[in-house]
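Residue numbers (my numbering), protein chains in the order written: chain A, 9 to 159; chain B, 2 to 249.
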C-alpha cells in the first residue's frame, strides 16, 4: 500500500513538472521573428497575444475606439506559418480550413491575403484600421509596429 | 427514377475520380464562392446508404454562395446546394442557408434567415467534402439518414465571442425558429418503412439550438456542447385503405 502511494505521488510530481516545463518553454520562445504591423491611424499601440489570435480568427472585430479591424495575411510562406504557430496555434492548412468553414456556412469571410510582404506592407500603410505581419522591421514613418504583451 | 439536372451532368464528367474544386471570384462588392465533389461508393457485402453492392456514383455535393457587406457591420449571404447520397438528396437544388448578419459587438451579433445549426463540431460543414474529416461522417452523431431534421432552421439567432482572460475564449450561438423538412427526406423514408404509410409532410411548431464552444487555455484543445429541440407533427396517409391504422 505504501509503495503504491509513493508511486502515485511520484507520478503526480512528474506530471506537474512536465506541464510546468511546457508552459515555461512556451513563454521562453523568442518573439522577434515576426513583427506585427498596423496602419498609422490605428488607435491602439499594444495588443496581447490573445487579442492577436482573436483578431485573426475573426472574434475581435474592433479597435479600442470602435474602428473596424481589417486583418490581412500572407499566402503560404514561412512567415505565415511562423505567425500562425506563434499567435493563432494553427498550421496554415488548419487556418485555411477554419476560414473555409466560416465562408461556406455564411458565418465569416476569409481575410485578404498577399503574395509578398511588400504588397501586404503597402496595403497596411494605405488602409485605415488594418493589421498584418511581416518578417523585417518596416519604415516607421509609414507603418506602426504593435508591441505584443505576453498574455 | 432519379431526377436529372444540369448539376448531375456536370458531375458525371468528373466520374471515377474523387475531385474537389473550389472557385472564387469577387465581382465588385459581391463575393462568389463554390465547391463541387464527386465520389464512388462500393461495398463487398450489403448495401450501405445506396446500392453500394453494385457500386454507385450516387455520392456527390455541389454548392455556390453569394455574399455582400452592406455596411461594416451588416452582412448578407445565400448558398445554393445540391447533393446526392443514395435515395436522399437526388441533386435537388435547395437553399442551404440565406441570412442577414449584424455584428453589433464582438460579444453580440444578430442573424435572421435560414441558418445552419451548430450541432457538435461538424454539423455545419458536414455537406462539404473538403471540410469533412473523413469520407463519411460518423453516423452515430451526424446521421445522413436524419440530416434534414437537424441541418438548419429558419428564424433568428444571436451569437458572440467572450474572452475569458487566461481561461481561453467562449463562443456561443442561439437560434430559434422553424424547419422545412422535406417529405422525401431520410426520416420520411424511415417512417414509410414502418407500415403502409406515405408521409405527406412535416409541420414544425418550433425548433431551437444552443451551442457553446470553449477554446481552452490548453493549446489545441477545444470543447463544444450543443442542445437542440424541435416540436413537430408528421402527416401520414395510409396507402392501403383495407388495413386499419395502428392505434396509439
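Note that the Cβ used here is the ideal one computed from N, Cα and C, for glycine as well. None of the values given here were measured: they were computed from a predicted structure.
Q.
Below 8 angstroms on C-beta distance, what does residue 84(A) contact in chain B?
A. Neighbours of residue 84(A) in chain B, taken as residues whose beta carbon is under 8 angstroms from its own, are absent, since the nearest beta carbon is some 15 angstroms off.
Q) Quick check: the region 98 to 116 of chain B against the region 55 to 74 of chain A, are there 3 or more CB pairs under 8 angstroms? A) Output reads yes: the region 55 to 74 of chain A touches the region 98 to 116 of chain B.
Q. Which residues in chain A sit within 8 angstroms of residue 34(B), going by Cβ to Cβ distance?
A. Near residue 34(B) (Cβ distances below 8 angstroms), the residues of chain A are 111 and 112.
Q.
What does the alpha-carbon distance come out to for the pair residue 221(B) and residue 35(B)?
A. Straight-line Cα distance between these residues: approximately 29 angstroms.
Q | Sheet register partners of residue 205(B) (DSSP bridge) | A | 233(B), per the DSSP bridge assignment.
Q.
Quick check: is the beta carbon of residue 54(A) nearer than 9 angstroms to any beta carbon in chain B?
A. Under the Cβ criterion of 9 angstroms, residue 54(A) is not counted among the residues facing chain B.
**Q.** For residue 45(B) and residue 95(A), the rounded distance between their alpha carbons
**A.** The alpha-carbon atoms of residue 95(A) and residue 45(B) are separated by roughly 47 angstroms.
**Q.** Host alpha helix (DSSP H) of residue 60(A) (start-end)
**A.** Start and end: 57 to 64.
Q: Out of 241(B), 205(B), 223(B) and 227(B), state which residue places its alpha-carbon closest to the alpha-carbon of residue 234(B).
A: Taking residue 234(B) as reference, the option from 241(B), 205(B), 223(B) and 227(B) with the minimal CA-CA separation is 205(B).
Q) residue 187(B): which of 217(B), 69(B), 119(B) and 202(B) sits nearest, CA to CA? A) It is 202(B) whose Cα lies nearest to the Cα of residue 187(B).
(Q) Quick check: what's the CA-CA separation for residue 51(B) versus residue 99(B)? (A) Cα-Cα distance, rounded: 30 angstroms.
Q) Should residue 149(B) and residue 116(B) be called a contact, given that it needs their Cβ atoms to be closer than 9 angstroms? A) In this structure, residue 149(B) keeps its C-beta atom at 9 angstroms or more from the C-beta atom of residue 116(B).
Q: Run down chain A in chain order and give the residues with a C-beta less than 7 angstroms from the C-beta of residue 100(B).
A: When 7 angstroms is used as the limit between beta carbons, residue 100(B) is near these residues of chain A: 114, in chain order.
**Q.** Contacts of residue 73(A) in chain B (Cβ-Cβ under 7 angstroms)
**A.** In chain B, no part has a C-beta under 7 angstroms from the C-beta of residue 73(A); the shortest such distance is about 14 angstroms.
**Q.** residue 219(B) to residue 118(A) span [Cα, whole Å]
**A.** Inter-residue distance for residue 219(B) and residue 118(A) is about 25 angstroms (C-alpha atoms, whole angstroms).
Q: Give the straight-line distance between the Cα atoms of residue 1(B) and residue 248(B), rounded to the nearest whole angstrom.
A: Not covered by the structure: residue 1(B). The range shown for chain B is 2 to 249.
Q | residue 137(A) Cβ short of 8 angstroms to the ligand SAH heavy atom set | A | Among the ligands in the structure shown, none appear at all, so the ligand SAH cannot be discussed.
Q.
Taking 8 angstroms as the limit between beta carbons, can you name the residues of its chain near residue 224(B), skipping five residues before and five after?
A. Excluding its 5 nearest sequence neighbours in each direction, residue 224(B) has C-beta neighbours in its own chain below 8 angstroms: 214, 215 and 217, listed in chain order.
(Q) Using a Cβ-Cβ distance cut-off of 9 angstroms, determine whether residue 78(B) contacts chain A. (A) Answer yes: the Cβ-Cβ gap between residue 78(B) and chain A drops below 9 angstroms somewhere.
Q. Can the beta-carbon of residue 55(A) be found closer than 9 angstroms to that of residue 63(A)?
A. Yes, these two residues count as a Cβ contact at 9 angstroms.
**Q.** Exposure label - residue 51(A); buried when at least 16 CB within 10 Å
**A.** With fewer than 16 other Cβ atoms within 10 Å, it is exposed.
Q: Decide yes or no for the touch test of the region 73 to 93 of chain A against the region 121 to 139 of chain A: beta carbon pairs closer than 8 angstroms, at least 3 of them.
A: The region 73 to 93 of chain A vs the region 121 to 139 of chain A: in contact.
Q: Give the DSSP-derived three-state secondary structure of residue 147(B) in the structure shown.
A: It is coil, neither helix nor strand.
Q | residue 66(B) and residue 79(B) closer than 9 angstroms at C-beta | A | In contact: residue 66(B) and residue 79(B) (Cβ atoms closer than 9 angstroms).
Q) Which residues in chain A sit within 9 angstroms of residue 107(B), going by Cβ to Cβ distance? A) Under the 9 angstroms cutoff, chain A gives 62, 67, 68, 69 and 70.
Q.
Any contact between the region 135 to 154 of chain B and the region 140 to 154 of chain A? By contact I mean 3 or more CB pairs, one from each, below 8 angstroms.
A. At 8 angstroms Cβ cutoff, the stretches do not touch.
Q: With residue 155(A) as the anchor, note down where its beta strand (DSSP E) starts and where it stops.
A: That run of the beta strand (DSSP E) goes 155 to 157.
Q: For chain A, find out if any of its Cβ atoms is closer than 9 angstroms to the Cβ of residue 116(B); answer yes or no.
A: Output row for residue 116(B): interface = yes.
**Q.** Partner residues on chain A for residue 164(B), Cβ-Cβ distance less than 7 angstroms
**A.** Correct list: 58 and 62.
Q.
Quick check: what's the CA-CA separation for residue 228(B) versus residue 47(A)?
A. Roughly 42 angstroms separates the two Cα atoms.
Q | Members of the region 218 to 237 of chain B near chain A, C-beta cut-off 9 angstroms | A | Residues of the region 218 to 237 of chain B with a C-beta less than 9 angstroms from any C-beta of chain A: 220 and 221, listed in chain order.
Q) From what residue to what residue does the alpha helix (DSSP H) around residue 184(B) run? A) Careful: residue 184(B) lies outside any alpha helix (DSSP H) and carries neither H nor E.
Q) chain A partners of residue 68(B), CB-CB under 9 angstroms? A) Within 9 angstroms Cβ-Cβ: 111, 114 and 117.
Q) So which of 92(A), 93(A), 146(A) and 131(A) has the shortest CA-CA distance to residue 120(A)? A) For the set 92(A), 93(A), 146(A) and 131(A), the Cα lying nearest the Cα of residue 120(A) is the one of 131(A).
Q) Does the distance from the CB of residue 207(B) to the CB of residue 173(B) come in under 9 angstroms? A) No, the pair does not count as a contact, with Cβ atoms beyond the cut-off.
Q: Note the first and the last residue of the continuous alpha helix (DSSP H) segment covering residue 132(A).
A: For residue 132(A), the enclosing alpha helix (DSSP H) starts and ends at 125 to 134.
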